[in-house]
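As structure tokens, the structure follows; a few thoughts come after it.
In the numbering used here, the protein residues as written are 549 to 907.
What follows is the structure, given as structure tokens:
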């Protein structure tokens with residue numbers, strides 16, 4: 549089915565004529581000569597002077613150009629048949645720590661040392677994209693928490709934004725409480741028993757304005773389950789050290805993360821590799837989905853480029869008409885009428901005279 553996404557754009561159709569009425573007439577800079585004996589000159593020249601087309605025909609290409617631009621701006625589109633979207637009823641928000649310690653390269657991915665954030669992007673990205681039927685969203689937090697992607701069925705886009713996350717983009721500290729509070733604000737409008745928050749961090753709460761345990765109790769009262777993931781290699785298994793010879797894994801506050809999970813009915817995971825993320829997936833698959841309103845989507849194919857291309861083509865023709873007056877378009881919008889001369893043209897008479905001499 550064809551339709552315009554923004555049909556109100558056509559309300560601007562009379563705008564050029566309104567501007568012409570309001571604004572003063574522009575001076576072309578060309579002298580104008582009015583001849584009262586034009587008919588006598590036409591008789592002597594045995595042809596009529598060039599006569600322009602009526603005003604409405606002169607303005608026709610500009611009217612068409614303005615209409616094409618408005619048509620493109622109104623976003624014409626072709627809507628397909630409604631397609632059902634699987635909706636399990638789960639709303640899954642992922643809060644990822646992007647503080648400075650997440651850049652510590654003590655993790656392994658395909659036999660290579662990678663940073664903690666890189667491991668999260670690889671493993672958690674696959675997990676998010678496989679959440680068929682779930683709405684997923686993304687929160688990035690450091691010194692403050694920011695909503696990077698709202699809850700959506702477009703899981704691929706959420707993964708792309710997770711892959712584009714950079715260390716320090718939200719500050720160098722770790723505001724776990726603020727991340728939980730922001731997630732609670734986004735999830736509290738969703739149906740109960742479907743609100744899930746995955747919290748990924750490698751440190752202790754040292755920033756923000758909300759205490760993590762207080763935020764967890766508020767989340768529990770709203771029916772939000774939190775699944776914290778502590779990221780980082782074990783200090784005794786990793787020989788890597790950070791600044792001042794201190795292993796950042798020692799900053800991980802596992803007791804606080806376990807308390808957050810216990811307060812909300814979730815489960816705490818310690819992420820050394822992809823096995824813990826697989827355990828999270830298995831746990832979420834066991835949650836009872838909530839029956840929701842059936843969701844449908846109609847694929848839309850944008851068609852604005854067709855009127856926009858026609859407008860560009862017509863603009864080029866109008867420019868060519870001004871730069872090269874003697875062209876097809878100029879002859880199309882102007883006309884030159886000639887009187888039928890009672891006498892043959894002087895070239896024709898000269899030709900006949902030559903033929904007579906040859907005879």
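Cβ atoms here follow ideal geometry from the backbone N, Cα and C, with glycine treated the same way. Predicted model only: the values in this text are computed from it and were never measured.
7 Å Cβ shell around residue 677 - same chain, five flanking residues per side excluded: 703, 704 and 707
Alpha carbon of residue 719 to alpha carbon of residue 650, nearest angstrom: 12 Å
C-beta atoms of residue 777 and residue 812 nearer than 7 Å: no
Residues sharing a beta bridge with residue 640, DSSP: 684 and 744
Contact set for residue 614: own chain, Cβ-Cβ below 7 Å, skip 5 residues either direction: 564, listed in sequence order.
Where residue 555 sits in the DSSP three-state scheme: helix
Assigned secondary structure, residue 778 (DSSP; H/G/I helix, E/B strand, else coil): strand
Nonlocal neighbours in the same chain, by C-beta distance under 7 Å from residue 709, ignoring five residues either side: 686, 696 and 697
For residue 568 and residue 556, the rounded distance between their alpha carbons: 22 Å
Residue range of the unbroken alpha helix (DSSP H) whose run includes residue 610: 608-621
Cutoff 6 Å; reference residue 856; Cβ partners in own chain excluding five residues on either side: 620
Residue 553 versus residue 701 - alpha carbon distance: C-alpha separation (whole angstroms): 22 Å.
Helix, strand or coil at residue 565 [DSSP, three-state]: helix
Beta-carbon spacing of residue 748, residue 645 below 7 Å: yes
For residue 701, the first and last residue of its enclosing alpha helix (DSSP H): No alpha helix (DSSP H) contains residue 701, which DSSP labels as neither H nor E.
The beta strand (DSSP E) enclosing residue 726, as first and last residue numbers: No beta strand (DSSP E) holds residue 726; the alpha helix (DSSP H) holding it covers 724-735.
Euclidean distance between Cα positions of residue 654 and residue 722: 19 Å
Whole-Å CB distance - residue 713 paired with residue 665, under 8 Å assumed: Contact flag correct, Cβ pair sits at about 7 Å.
N-terminal and C-terminal residue of the beta strand (DSSP E) that residue 661 is part of: It spans 660-662 - the beta strand (DSSP E) in which residue 661 sits, taken as one unbroken run.
Candidates 551, 854 and 670, of which the one nearest residue 628 by Cα: 551
Own chain residues within Cβ distance below 8 Å of residue 768, not counting five before or after: 811, 812 and 813
Residue from 779, 759 and 733 with nearest C-alpha to residue 819: 779
Straight-line Cα distance separating residue 716 from residue 572: 56 Å
Straight-line gap, residue 736 to residue 771 (C-alpha atoms, nearest Å): The straight-line gap from Cα to Cα measures roughly 8 Å.
Cβ-based burial, residue 848 [other Cβ within 10 Å; buried from 16]: exposed
Straight-line gap, residue 641 to residue 854 (C-alpha atoms, nearest Å): As the crow flies, the alpha-carbon of residue 641 is around 40 Å from that of residue 854.
Helix, strand or coil at residue 764 [DSSP, three-state]: helix
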